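Input: a single structure, listed below in structure tokens.
2 protein chains.
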Amino acid sequence: MGPHVTDAKPLRADARRNRDALIAKARELFAGGCFNLRFDDFAKLAGVGTGTLYRHFPTREALAEAVYREELTAMCDRAHELQVTLPADEALESFLRGFVDHLHSHEGLARTLATLMATQSGALAEGAQALGQVIDDLLAAAVATGTIRDDVGAGTVMMALHGICAAYDHPTYRTDADGVITLVLAGLRRTAP
Amino acid sequence: MGPHVTDAKPLRADARRNRDALIAKARELFAGGCFNLRFDDFAKLAGVGTGTLYRHFPTREALAEAVYREELTAMCDRAHELQVTLPADEALESFLRGFVDHLHSHEGLARTLATLMATQSGALAEGAQALGQVIDDLLAAAVATGTIRDDVGAGTVMMALHGICAAYDHPTYRTDADGVITLVLAGLRRTAP
DNA sequence: TTGACAAGTGGAGACTGTCTCCATATTTTG
DNA sequence: CAAAATATGGAGACAGTCTCCACTTGTCAA
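Residue numbers (this note's numbering), protein chains in the order written: chain A, 1 to 193; chain B, 194 to 386.
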């Protein structure tokens, strides 16, 4: 797993401009709750041709990933900070609570993560894999200090998070999401020896 | 919540025949792993016209629900049996373990439940609601005997199950799904007073 | 039985959104 | 500055979905 931002070929000037315009417009629309715009229309809105849109982002998901890549990276960074600041078990709890909190006010991210987690297919799910890696680290550290059980992996926690992401538009979202985190954390805690 | 099988109007003989043919063919295809057939083509395969298909099942989801309604009902019935046979906490565990076990060999059901849980919209999600009710009962009984905490509702557990259903085609599905159930059960258990 | 009315049918074709293709335009390079 | 490389846009091919209605089939009272 080498570099991934500074990957490969240096885009031509106009190409980069268009790509950025596309992402900017998408971010704007997503923020306004508009997720199901006709793809061709979206190209018009961003001021580029259909072909250009498709060349840069072959699918809706690719676009969504690009839009939220930054935000996701920020979350992963936060996890690293927590990990060097707090005891392992607190870092884990803090991260998961913060995760839900963040999703609650960023529907687009929840939506995107739900999609990304569903498609385990390599390249596209790069963002989801990064999240998996972070959780793996958090978990491993807590296991090492003996505060949590060692028989569940990051995949298990991710599956629970998947449920949380997928339910982004339920009326009882917040309550239930918090509940799931509570359950996961309590369930992870080692039962007295 | 009145009756729902013997609801409303008595379908005409040929109509019922067509409806049954549709469900039968869908079941057959689903069992063979074919979920994304063109809807019109499916009508042909079942030996009816496109219009007839759409009249009986306005959407793919409606068809899927009809196909799995029976199976879902069976699961709910099982829950009731468990509830009168075992202590409340064992009934809950047994049901959840069995749930995963069943999903593991019935991809179509997992897929359908994931969709149904995602669309909270009343009529269509009738099946999902039934599942919710059953879990609510199981949970309430266990809470009453004081073996599990009382601060998480059925919605929370459903959210975790949603994650399980949505991941039906991941390579590590079984391991992770079992892990989630373990976490949920351990998390529910009352911490020593 | 039968006639008349209700209920249901099927499939042509309208419609909607996706995606490709390539003649043209822009940028980079030597 | 010309040639080569790179990128553009949008018309139109395509693929599914879904509607509409002239026609068929079933039901039921007489």
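Even for Gly, the Cβ is constructed at its ideal location relative to N, Cα and C. Model, not experiment: these values are computed from the prediction.
Flag residue i as yes if its beta-carbon sits less than 7 Å from any beta-carbon of chain B, otherwise no.
| i | result |
| --- | --- |
| A:T172 | yes |
| A:H4 | Bear in mind that the predicted position of A:H4 carries a pLDDT of just 41, short of 50, making it unreliable; the figure below should be weighed with that in mind. Judged by the 7 Å Cβ criterion, A:H4 is not in contact with chain B. |
| A:A166 | yes |
| A:V180 | yes |
| A:R12 | no |
Return the Cβ separation of residue i and residue j in integer angstroms, given the expectation that the two are a contact with Cβ distance under 8 Å.
| i | j | result |
| --- | --- | --- |
| B:M352 | A:G163 | 5 Å |
| A:G179 | B:V345 | 4 Å |
| A:A142 | A:A88 | 4 Å |
Residue i versus chain A: which residues are under 8 Å apart at the beta carbon?
| i | result |
| --- | --- |
| B:A370 | M159 |
Residues of chain A with CB closer than 7 Å to the CB of residue i, please, in chain order.
| i | result |
| --- | --- |
| B:L381 | L183 |
| B:H273 | Going along chain A, no residue has its Cβ under 7 Å from B:H273, so there is no contact; the nearest lies around 24 Å. |
| B:H355 | G163, A166, A167 |
| B:V345 | G179, T182, L183 |
What does residue i reach in chain B if we use C-beta pairs closer than 7 Å?
| i | result |
| --- | --- |
| A:A144 | None at all; the shortest Cβ gap to chain B is about 19 Å. |
Return no unless some Cβ of chain A is closer than 7 Å to the Cβ of residue i.
| i | result |
| --- | --- |
| B:A259 | no |
| B:G348 | yes |
| B:Q313 | yes |
| B:H295 | no |
Looking only at C-alpha atoms, which of the options sits nearest to residue i?
| i | options | result |
| --- | --- | --- |
| A:F198 | A:S105, A:H106, A:H104, A:Q83 | There is simply no residue 198 of chain A to check, as chain A begins at 1 and stops at 193 in what is shown. |
| B:R212 | B:L256, B:A311, B:Q322 | B:L256 |
| A:S121 | B:G380, B:T368, B:D362, B:E258 | B:D362 |
| A:A167 | A:H106, A:D137, A:T147, A:R189 | A:H106 |
| B:L332 | B:A284, B:D294, B:R367 | B:A284 |
| A:R12 | A:C165, A:A24, A:H56, A:A46 | A:H56 |
| B:T266 | B:G320, B:V336, B:T384 | B:G320 |
| A:A15 | A:G47, A:I181, A:L161, A:A142 | A:G47 |
| B:G325 | B:P364, B:T308, B:L354 | B:L354 |
| B:Y261 | B:H295, B:T384, B:R342 | B:H295 |
| A:I148 | A:T175, A:M75, A:R27, A:R189 | A:R189 |
| B:C227 | B:T375, B:L302, B:P203, B:P251 | B:L302 |
| B:V350 | A:D136, A:V184, A:G146, A:V134 | A:V184 |
| A:M117 | B:E263, B:T305, B:C358 | B:C358 |
| A:L45 | A:Y173, A:K25, A:G146 | A:K25 |
| A:N36 | A:T59, A:G51, A:G49, A:M75 | A:T59 |
| A:M75 | A:G187, A:A130, A:D176 | A:A130 |
Practice prompt. Note down, one range per segment and in chain order, each alpha helix (DSSP H) of at least 4 residues found wholly within the segment 255 to 328 of chain B.
Written response: 281 to 297, 300 to 311
Worksheet item: Which full runs of the beta strand (DSSP E) of 3+ residues lie inside the segment 204 to 237 of chain B, going along the chain?
Response: none
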